[in-house]
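Number of protein chains: 2
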Amino acid sequence: MPPKTYLSHHVLRELVSGIFVAAGTSREHADTVADVLVWANLRGVDSHGVSRIPRYLELFGKGEANPKPAITVEQLRSAVAIVDADAAPGPVALTTAMHQAVSMARSAGIAWVAVRGTVHTGAIGYYTDCAAQYGMAGLGIVAGVPNMAYPGSTKAAVATSPLSVALPAGKHPTVLLDMATAVIALGKIAQYKNQGKSLPSGSALAADGTETTDASLATVPLPVGGAKGAGMSLVFELLASGLTANPIVNSFHGGTPEGRRHRQNAVLVAVDISAFTPVEQFRSIVDETVDAIKALPKTDPDSEILVPGERGSRTLNERLTHGIPLTEKLLGTLRAAAEKLGAPVPAGL
Amino acid sequence: MPPKTYLSHHVLRELVSGIFVAAGTSREHADTVADVLVWANLRGVDSHGVSRIPRYLELFGKGEANPKPAITVEQLRSAVAIVDADAAPGPVALTTAMHQAVSMARSAGIAWVAVRGTVHTGAIGYYTDCAAQYGMAGLGIVAGVPNMAYPGSTKAAVATSPLSVALPAGKHPTVLLDMATAVIALGKIAQYKNQGKSLPSGSALAADGTETTDASLATVPLPVGGAKGAGMSLVFELLASGLTANPIVNSFHGGTPEGRRHRQNAVLVAVDISAFTPVEQFRSIVDETVDAIKALPKTDPDSEILVPGERGSRTLNERLTHGIPLTEKLLGTLRAAAEKLGAPVPAGL
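In order, the protein sequence lines correspond to chains F and B. For the first sequence, this note's numbering gives the first residue as 132, with consecutive numbering after it. For the second sequence, this note's numbering gives the first residue as 132, with consecutive numbering after it.
Structure below.
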């Protein structure tokens, strides 16, 4: 493992916000992007953190992401709305959408907000967790450009579309499921490759469409549970892209350059728990259920049984205190990006 | 394979409805149960069809299911409602809930209906498909008594809680995902056992908590994708049982007889597509996406790529015409149940 520098989340957020402002976004949008990316790093989801910044800058450069989007929010009925993202970075579009969902759910009991035409959403647990912070249940799905296999086919067919559900607890951290529909993440395949390790069997296809455990040949992850993961991804595409009339999978396979352009659609849902039951009672049920799971008889008596979001919450507490570990290589990339754009580099970097 | 009798769905529905009336339900409720069970048989989901009847009768006998339930439907806000099932059979409670959801979604754009305290829901694709028949998207989840493993534990910890999503198409059948969160169904394990075959690796635990491929030792299916399937099951429990303040997992592990009593909670959601986009446009996107998936390059050129619900839809058409195949053993069980209760046995049986 290469040595790492531990950076305070304040310093990292300042650096990221400065880069996005220098790339043309408003300060408000830059702060939102910084919040979402640094949150992923704080929770240990480094694959969705500040390492994505070069990709956002590339999308701005190619005109596929819009640093000055004219985002519109249209409430369609009491419990549904659509956010037209105008190619805004995902963190900006999805934060807008979840705030809208929470606000509408207060009166309607639930709100379903569709997001049309954004780019890279980051870790979607951020947005569902946002609902949980308001004492609501948060749900989210994202549809994107195909990068995952489909049973019976040899190519990338559907996206590794994630699903996230956040549920507020009492004494325990928020129960936060944030999963892709693939067996293995593309970033994880790259890690296996860098370490010269074999992939677990049944996790990826090679370019020729056959299953492989050779990480250097693997190009397309397989869906979790075969038809189950692939089916989830397909229905997430139809929900997120069908309701926004912005189909991705279909146009991708049409083979035109426009069809292969990076873009994403999403659905965020907030459920106002207090419409059903006192939130304190709900929190107790979550706590007691988590306690019951953690007290189950263990395969390995020295191990611990974890619930969704528990590890991330611990990493967050640790990194809030001790800083976020970043490789010198990634820090160098971020410094270079800041310097190239003329963004300020905070003291100590 | 034992020889099978092919029975018209009309005759089978008449038999089932008669059995439920004789067991004490209203004719309306009996017809609803018959519709849901026979629908599963028509679509080839025989594990969730009329073979479940003895179990419902057993639940009536033990007082765990209520043949004359006082079901209440309370609209809590414009887009959320709760159905208190009073231990009604799942088909009765969930049909009531989905009709309520469709009706509320017409005005609010979406409706989320929680179902408290029902028993055996049957195949939940029936209810989400019901929303699709109204040109809406249907979503459903169910929480039940633990019968599936959880990573790191040796025992049944959470339920094989299903997820279903139905999306109306145009020329194609409704896209209908209906999946459990387990790698393998308990009924499937029994089939492997009867045929003396080994289970695929990674599909089940034996009673001692170790993984096994011996179907005669397997007692608890593993979750699909490990932490992913287990996490989905856990958040479905917290959504369905937490919002109805009727926790199942927690009380099951409390170890009291009451905690182990069979019961289920559910959530059904209807999304009115027309609030977002003309339904005809949505149907076209579904059709074009299905066409794109089916036209993908194939692993086996002689095979066909299927989308969720496609096989079930073909089986339905076939069985509507040629009848539903039932083993003599199952038919005998149903005849005996009818005779014991004094229910009429339709001519030809």
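Where a beta carbon is used, it is the ideal one built from N, C-alpha and C, also for glycine.
Reduced DSSP category for residue i - H, G, I as helix; E, B as strand; rest coil
i: residue 208 (chain F); result: strand
i: residue 450 (chain B); result: helix
i: residue 404 (chain F); result: helix
i: residue 276 (chain B); result: coil
i: residue 98 (chain F); result: No information on residue 98 (chain F) is available, as it lies outside the stretch 132 to 480 that chain F covers here.
i: residue 461 (chain F); result: helix
i: residue 146 (chain F); result: helix
i: residue 217 (chain B); result: coil
i: residue 445 (chain F); result: helix
i: residue 429 (chain F); result: strand
i: residue 203 (chain F); result: strand
i: residue 329 (chain B); result: strand
i: residue 289 (chain F); result: strand
i: residue 480 (chain B); result: coil
i: residue 182 (chain B); result: helix
i: residue 434 (chain B); result: coil
i: residue 466 (chain B); result: helix
i: residue 192 (chain B); result: helix
i: residue 255 (chain B); result: coil
i: residue 265 (chain F); result: coil
i: residue 315 (chain F); result: coil
i: residue 157 (chain B); result: coil
i: residue 324 (chain F); result: helix
i: residue 471 (chain B); result: helix
i: residue 197 (chain F); result: coil
i: residue 176 (chain B); result: coil
i: residue 230 (chain F); result: helix
i: residue 420 (chain F); result: helix
6 Å Cβ shell around residue i - same chain, five flanking residues per side excluded
i: residue 223 (chain F); result: 160, 163
i: residue 456 (chain F); result: 135, 137
i: residue 165 (chain B); result: 144, 147, 148
i: residue 332 (chain B); result: 344
i: residue 142 (chain B); result: 477
i: residue 338 (chain F); result: 350
Close beta carbons around residue i, own chain, < 7 Å, minus the five adjacent residues each side
i: residue 154 (chain B); result: 188, 191, 198, 472
i: residue 182 (chain B); result: 461
i: residue 558 (chain B); result: Only positions 132 to 480 of chain B appear in this structure, which leaves residue 558 (chain B) out of reach.
i: residue 406 (chain B); result: 240
i: residue 317 (chain B); result: 278, 352
i: residue 216 (chain B); result: 200, 202, 224, 246, 247, 248, 249
i: residue 298 (chain F); result: 263, 268, 305, 306, 417
i: residue 204 (chain B); result: 212, 214, 227, 231
i: residue 393 (chain B); result: 190, 195, 250, 276
One or two residues paired with residue i in a DSSP bridge
i: residue 488 (chain B); result: The shown model of chain B, from 132 to 480, leaves out residue 488 (chain B), and the question about it has no answer.
i: residue 310 (chain B); result: B:294
i: residue 270 (chain B); result: B:296, B:400
i: residue 245 (chain F); result: F:213, F:398
i: residue 455 (chain F); result: F:138
i: residue 250 (chain F); result: F:220
Cβ-based neighbour list, residue i, same chain, cut-off 8 Å, excluding 5 preceding and 5 following
i: residue 301 (chain B); result: 411, 414, 415, 417, 418
i: residue 185 (chain B); result: 464, 468
i: residue 370 (chain F); result: 272, 274, 398
i: residue 470 (chain F); result: 476
i: residue 442 (chain F); result: 175
i: residue 177 (chain F); result: 171
The ligand ADP heavy atom lying under 6 Å from the CB of residue i
i: residue 477 (chain B); result: Absence of the ligand ADP from the depicted structure is noted, as is the absence of any ligand whatsoever, leaving it without description.
Quiz item: Any contact of the segment 311–325 of chain F with the segment 358–375 of chain F, i.e. 3+ C-beta pairs under 8 Å?
Solution: Contact between the segment 311–325 of chain F and the segment 358–375 of chain F is present, because at least three Cβ pairs lie under 8 Å.
Practice problem: Please specify which runs of the beta strand (DSSP E), each continuous and at least 3 residues long, are wholly inside the segment 335–418 of chain F, giving them in chain order. | Solution: 335–337, 349–352, 395–402
Quiz item: For the 8 Å Cβ check, are there 3 or more pairs between the segment 233–242 of chain B and the segment 204–211 of chain B?
Solution: yes
Quiz item: Is it a yes or a no for the segment 140–156 of chain B touching the segment 287–307 of chain B, going by three-plus beta-carbon pairs under 8 Å?
Solution: no
Self-check item: the segment 188–215 of chain B: positions lying closer than 8 Å to chain A by Cβ
Solution: As a matter of chain content, chain A is missing from the structure shown, whose protein chains are F and B.
Quiz prompt | Three CB pairs or more closer than 8 Å across the segment 324–339 of chain F and the segment 272–281 of chain B | solution = no
Self-check item: Contact between the segment 364–382 of chain B and the segment 252–264 of chain B (3+ Cβ pairs under 8 Å)
Solution: Between the segment 364–382 of chain B and the segment 252–264 of chain B, the count of C-beta pairs closer than 8 Å stays below three; the two stretches do not touch.
Quiz item: Should the segment 383–390 of chain F be regarded as contacting the segment 385–402 of chain B, the criterion being three or more beta carbon pairs within less than 8 Å?
Solution: Because the criterion of three Cβ pairs below 8 Å is not met, the segment 383–390 of chain F and the segment 385–402 of chain B do not touch.
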